[in-house]
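A.B. asks: This is the structure I want to talk about, given as structure tokens.
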Amino acid sequence: MTALDSLPVAVIGAGPVGLAAAAHLLERGLEPLVLEAGPTVGAALREWGHVRLFSTWQYNLDAAAVRLLERVGWQAPRPAALPYGSQIAADYLEPLAATPELKDRIRTGVRVVAVTRHGMDKGRSLGRDETPFLLRMQHSNGDVTEVLARAVIDASGTWATPAPVGTSGLPAPGEAEARTAGLITGPLPDVTKDGFAGRRTLVIGSGHSAANMVLDLARVARTHPGTEVLWAIRAVTPARAYGGGDADQLPARGQLGARLRTAVDTGAVRLLTSFQTSRLESSNGVVTVHAVDGRSVEAERIIAATGFRPDLTILSELRLDLDPAVDAPKELGPLIDPDFHSCGTVPAHGARILAQPEKDFYLAGMKSYGRAPTFLMATGYEQVRSIAAALAGDTAAADAVELELPETGVCSTNIPDPTGFTEEPAGDPRCGGQDPVPATFGFPSGLQHGRVGETALP
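Note that the numbering used here has the sequence shown beginning at 5, numbered continuously upward.
Shown next as structure tokens:
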């Protein structure tokens, strides 16, 4: 054994994918060290805990994680039930983190602020692959420490770095002021508790998070007079947002688009198409949103469900090869480009596709998808299973494909019909093992849109 082999594999993020990575590493005889910026495991997921996943429990559980849990007598939830994000955290992630194998290998309240090679910047090549990684961490008490690792799996997600509402990839003039004034919220607020009733709310975005919020607001409007729901999308039509309908192998996911269409057709929601935000003006608790084409609309709250971006600043001293369009690993980028793929058309993939020029460094989970909102949590579980095998030297297992994904549609939804326009769909075991994080999403795309379960970790 070399000095490098004695070091742990650092896993950044203690969400579903990060903890699954730790479980798979343990099964491979490798030592994991999980670093979580939040105060608890699943911290990002808890922020959209009121959102219900469209995939059932049986598709939200990682196999290696379940094997750890079963050793301590854990009882799995009813397989066909559709869990909320909060239930994933409380009934799955918390017990998993408390297992004897993981409890001392997880550090919370520790934010990784930089990853590099020990004693080397990006420009140094000689002996680079044999040099350990160095992770610099800031603790919740302000202390800064460093740790060495033999390999790094960055499963920190994208929840903390939402995309702006402005066009051209830049915040619109006035956007920062509106956010500071509390007029713009994140992608998945709990609209039943956060002061949306009786107000005019504009939802911006056409993904999973936006769909969830539009329908939740429509439900609030049914019982609270004066509640208005506006929905702005950049596309010419909402056809993509309406998804695959009856053709979706996840019935709950297909129902999301059907409900959305009905809400618009009945006038419960006012849809603004081809709406590209150019600037915002805030005054006396009202924000006026101006579009590039000269239109404008006033709202008392804006829900920005415009997607997420990966935070790559902590990786600036590593040698990465990323797709120029979506900021995902270069080989993965064309497979997940949202202009051409939905959640179900992305093929299962593992370590070979995710490999970087920086040996033994991997992006996994929602962060591996960069700006693409099509992530499914089961995809993340397959990723880390393969990565753990690769780090253990089992190339055959790393290259094997052990996942089939469902076809068509968006990636997450709230199951109860928020508008009353359709009947609630039953859970369906055909969903082939997928789960998003709020991308919403999807992790919501997500989920963490979004969410294996989908969320629109947006």
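We treat Cβ as the ideally placed atom computed from N, Cα and C, and that holds for glycine.
How about Arg154 and Asp331: are their beta carbons less than 8 angstroms apart?
C.D. replies: Contact: no.
A.B. asks: Taking a contact to mean a Cβ-Cβ separation below 8 angstroms, would you say Pro168 touches Pro175 in this structure?
C.D. replies: Going by C-beta atoms, Pro168 is nearer than 8 angstroms to Pro175.
A.B. asks: Of all the alpha helix (DSSP H) runs that stay within the bounds of the segment 149 to 208, which reach a length of 4 or more residues?
C.D. replies: Listed in chain order, the complete alpha helix (DSSP H) runs (minimum 4 residues) inside the segment 149 to 208 are 179 to 184.
A.B. asks: May I have the straight-line CA-CA distance separating Gly413 from Ser210, to the nearest angstrom?
C.D. replies: Per-residue confidence for Gly413 stands at a pLDDT of 39, beneath the threshold of 50, marking its modelled position as unreliable; the derived number appears in the next sentence. For Gly413 and Ser210, the distance between alpha carbons rounds to 13 angstroms.
A.B. asks: Please classify His28: does DSSP put it in a helix, a strand, or coil?
C.D. replies: Three-state DSSP puts His28 in a helix.
A.B. asks: Of the choices Leu219, Pro361, Leu260, Leu206, whose alpha-carbon is the least far from that of Val301?
C.D. replies: Of Leu219, Pro361, Leu260, Leu206, the residue nearest in Cα terms is Leu206.
A.B. asks: Once DSSP output is grouped into helix, strand and coil, what is the label at Ile340?
C.D. replies: Correct three-state label for Ile340: helix.
A.B. asks: By alpha-carbon positions, which one of Val38, Thr281, Val293 ends up nearest to Ser172?
C.D. replies: Cα-wise, what sits closest to Ser172 is Thr281.
A.B. asks: Out of Leu130, Arg263, Leu260, Val268, which one is the CA nearest neighbour of Glu232?
C.D. replies: With distances taken between Cα atoms, Glu232 lies closest to Val268.
A.B. asks: For the beta strand (DSSP E) containing Tyr373, name the first residue and the last one.
C.D. replies: First-last for Tyr373: undefined, no H or E at that position.
A.B. asks: Expressed to the nearest angstrom, what Euclidean distance is found between the alpha-carbon atoms of Leu192 and Ser129?
C.D. replies: C-alpha separation (whole angstroms): 44 angstroms.
A.B. asks: Name the DSSP beta bridge partners of Thr281, please?
C.D. replies: Ala295, per the DSSP bridge assignment.
A.B. asks: What separation, rounded to the nearest whole angstrom, lies between the Cα atoms of Ile92 and Arg299?
C.D. replies: Answer to the nearest angstrom: the Cα atoms are 42 angstroms apart.
A.B. asks: Between Gly199 and the rest of its own chain, which residues show a CB-CB distance below 8 angstroms, the 5 nearest in sequence each way excluded?
C.D. replies: The answer, listed in chain order, is Arg305.
A.B. asks: Considering only C-alpha positions, which residue in the set Gly53, Pro20, Glu179, Asn216 is nearest to Glu40?
C.D. replies: Answer by Cα proximity: Pro20.
A.B. asks: Hey, Leu11 and Leu152 are a contact pair by Cβ (cut 8 angstroms); roughly how many whole angstroms apart?
C.D. replies: Indeed, because the Cβ distance is near 5 angstroms, the residues count as touching under 8 angstroms.
A.B. asks: Out of curiosity, what's the CA-to-CA distance linking Thr112 and Arg274?
C.D. replies: Their backbone Cα atoms lie some 43 angstroms apart in a straight line.
A.B. asks: Less than 7 angstroms between C-beta atoms, sequence neighbours within five positions excluded: which residues of the same chain meet that for Ala329?
C.D. replies: Excluding sequence neighbours, Ala329 sits near Gly337, Asp341.
A.B. asks: State the Cα-Cα distance for the pair Trp163 and Ala18, rounded to the nearest angstrom.
C.D. replies: If I take the Cα positions, the gap works out to 13 angstroms.
A.B. asks: Can you tell me the Cα-Cα spacing of Gly42 and Arg115, whole angstroms?
C.D. replies: Near 8 angstroms, if we compare the C-alpha coordinates of Arg115 and Gly42.
A.B. asks: Let me know the secondary structure DSSP gives Val224 once reduced to three states.
C.D. replies: Three-state DSSP puts Val224 in a helix.
A.B. asks: When you compare only the Cα positions, how much space is there between Gly271 and Arg223?
C.D. replies: Their backbone Cα atoms lie some 13 angstroms apart in a straight line.
A.B. asks: Between the C-alpha atoms of Leu260 and Ala102, what's the straight-line distance to the nearest angstrom?
C.D. replies: Approximately 35 angstroms, taken between the alpha carbons.
A.B. asks: So what does DSSP say about His212, is it helix, strand or coil?
C.D. replies: The answer is helix: DSSP assigns His212 an H, G or I state.
A.B. asks: What runs of the beta strand (DSSP E), each 3 residues or longer, lie entirely inside the segment 12 to 64?
C.D. replies: Qualifying beta strand (DSSP E) stretches, in chain order: 13 to 16, 36 to 39.
A.B. asks: By Cβ distance below 6 angstroms, which residues in the same chain neighbour Val148 in space, the five residues on each side in sequence not counted?
C.D. replies: The residues are Gln142.
A.B. asks: Of the residues Ser390, Gly161, Lys334, Asp325, which one's Cα is nearest the Cα of His353?
C.D. replies: Ranking Ser390, Gly161, Lys334, Asp325 by Cα distance to His353 puts Ser390 first.
A.B. asks: Check Glu428 in the structure and name its three-state DSSP category.
C.D. replies: Bear in mind that a pLDDT of 27 at Glu428, under 50, signals an unreliable position, so the number given afterwards is only what the model happens to contain. Three-state DSSP puts Glu428 in coil, outside helix and strand.
A.B. asks: For a quick check, are the C-beta atoms of Pro377 and Gly289 less than 8 angstroms apart?
C.D. replies: No, the Cβ-Cβ distance between Pro377 and Gly289 is not below 8 angstroms.
A.B. asks: List the endpoints of the continuous alpha helix (DSSP H) containing Thr383.
C.D. replies: That run of the alpha helix (DSSP H) goes 381 to 395.
A.B. asks: Is Ile92 helix, strand or coil when you go by DSSP?
C.D. replies: Reduced to three states, the DSSP call for Ile92 is helix.
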